[in-house]
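Residue numbers (our numbering): 3 to 311.
Report on the following structure.
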């Protein structure tokens with residue numbers, strides 16, 4: 003029995019030492035991981051509860067009777083600086099679930115200075131709007147229809163081709179804005195881009211613009227804002243063929259004139275011949291008549307000898 007416990011004692015001692023060392027390593031690694039995890043958790047909690055400030059750009063809404071009034075002069079976008087806990091500021095920056103607006107419900111036509119307002123932010127969030135105020139102009143709304151005019155460069159097509167009449171998806175546009183701006187509109191134009199050396203029909207989407215008499219853009223709302231435009235491009239007849247056709251026509255007219263001249267000459271010669279024949283015949287008849295009279299006279303004077311010519 004004693005031999006059983008003393009046999010291979012050195013190996014048993016080595017195994018025991020290794021077991022103790024392994025236990026110590028596992029225990030130390032677990033404690034380190036626990037401490038690290040706890041430290042990270044505390045650090046994350048500290049980060050979420052820390053204060054954060056950020057600036058974002060927000061669109062401006064109008065709280066006004068848009069069917070009756072038109073508002074101008076305000077900024078469509080403003081900068082908003084948010085301050086608060088990091089978690090809330092980060093959420094608002096990502097979702098932007100709040101609104102910046104101008105409250106103009108109680109305003110009539112005229113010029114005013116209004117303050118930008120914010121709704122949808124909690125009490126834990128502080129904010130600042132840049133700019134804070136807006137100088138606005140409120141005018142009565144007016145709508146008027148205008149005929150669309152098209153502008154394009156006919157010199158851009160290839161030589162030997164010509165452009166036809168413009169075909170569009172609509173011929174009229176509705177302009178909406180303040181009464182003053184509507185009165186300023188001289189024309190509504192659609193600029194059509196014509197590629198260089200064009201030989202085929204042009205199909206394009208043209209943006210509409212309202213212009214005053216000086217060609218300046220008038221700030222109104224156009225409905226529609228753009229139109230589909232088609233311009234036919236065709237090849238013209240060759241000039242050489244046209245010249246040949248003209249030359250042939252001239253030759254035909256010349257031949258016809260010569261034929262008429264020959265016919266007229268022949269007619270004149272025939273008439274002259276007939277006239278000479280008639281004259282000779284008349285002269286012969288007169289001569290015969292004179293001879294007959296002479297003979298008759300001689301017979302009447304009692305001459306016994308009758309002369310025969």
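Each residue gets a CB set at the ideal place from its N, CA and C atoms; glycine is no exception.
What you are looking at is a predicted structure, and each value in this text was computed from that prediction instead of being measured.
Taking a cut-off of 8 Å for Cβ pairs, the region 151 to 163 and the region 109 to 122 do not touch, as fewer than three such pairs fall below it. As computed with DSSP, residue 131 is found in a beta bridge with 82.
Remark: three or more beta-carbon pairs, one from each stretch, lie closer than 8 Å, so the region 164 to 183 and the region 223 to 235 are flagged as touching. The beta strand (DSSP E) runs lying completely inside the region 89 to 135 and spanning 3 residues or more are 101 to 105, 112 to 117, 119 to 121, 128 to 132, given in chain order. Leaving aside the five residues that flank residue 210 on each side, the residues in its chain whose CB is nearer than 8 Å to its CB run, in chain order, 150, 175, 190, 191, 192, 224, 226, 227, 228, 229. Beta-bridge partners of residue 154 (DSSP): none assigned. Note that the C-beta distance between residue 82 and residue 57 is below 9 Å. Residue pairing from DSSP places residue 177 in a beta bridge opposite 146, 224. Counting only residues of its own chain and dropping the five nearest sequence neighbours on each side, residue 138 has a CB closer than 6 Å to the CB of 73, 75, 76, 114, 116.
With a contact defined as Cβ atoms closer than 8 Å, residue 143 and residue 69 qualify at about 7 Å. Per DSSP, the continuous beta strand (DSSP E) segment holding residue 204 begins and ends at 204 to 213.
The criterion of a C-beta distance shorter than 9 Å is not satisfied by residue 59 and residue 85. Excluding its 5 nearest sequence neighbours in each direction, residue 100 has C-beta neighbours in its own chain below 7 Å: 94, 120, 121, 122, 123, listed in chain order.
Excluding residues up to 5 positions away in sequence, 152, 153, 154, 168, 204, 206, 208, 231, 233 lie with their Cβ nearer than 8 Å to the Cβ of residue 194 in the same chain. By the beta-carbon neighbour count (other beta carbons within 10 angstroms, threshold 16), residue 126 is exposed. Per the coordinates, the alpha-carbon of residue 13 lies some 20 Å from the alpha-carbon of residue 26.
In the DSSP annotation of this structure, the continuous segment of the beta strand (DSSP E) that includes residue 58 starts and ends at 53 to 65.
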